[in-house]
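Quick look at the structure:
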């Protein structure tokens with residue numbers, strides 16, 4: 001026997017009501033508080049030691065190879081990211097090195 005559209009609509013309405021009831025029940029269940037994010041372990045087992053303050057070498061245009069070596073050592077010691085090195089290096093140029 002064929003069902004009428006009204007019967008199908010009533011059946012769908014009942015199913016939607018049942019789904020809404022289930023959703024309401026799920027949203028009213030108390031959720032546990034979020035667990036704190038654990039701090040990542042240190043990358044090495046060495047104790048944190050204060051860094052020694054180093055003077056940044058100035059570059060005046062003379063002894064380019066010596067200055068490149070010194071500024072590279074400075075960047076490595078302070079773990080300066082590659083993308084920041086050029087900007088930082090340009091701050092320590094003076095005289096003919098700027099022209």
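In the UniProt record's numbering, the protein residues as written are 1 to 99. Built from N, CA and C at the ideal position, the CB exists for glycine as well.
- For residue 97, there is no enclosing alpha helix (DSSP H), as DSSP gives it neither H nor E.
- The residues 59, 60 and 61, in chain order, have a CB closer than 6 Å to that of residue 97 in the same chain once the five nearest residues on each side in sequence are set aside.
- DSSP places residue 64 inside the alpha helix (DSSP H), whose first and last residues are 64-77.
- Ranked by Cα distance from residue 55, the options 78, 18 and 64 are led by 78.
- Note that the C-beta distance between residue 71 and residue 57 is below 7 Å.
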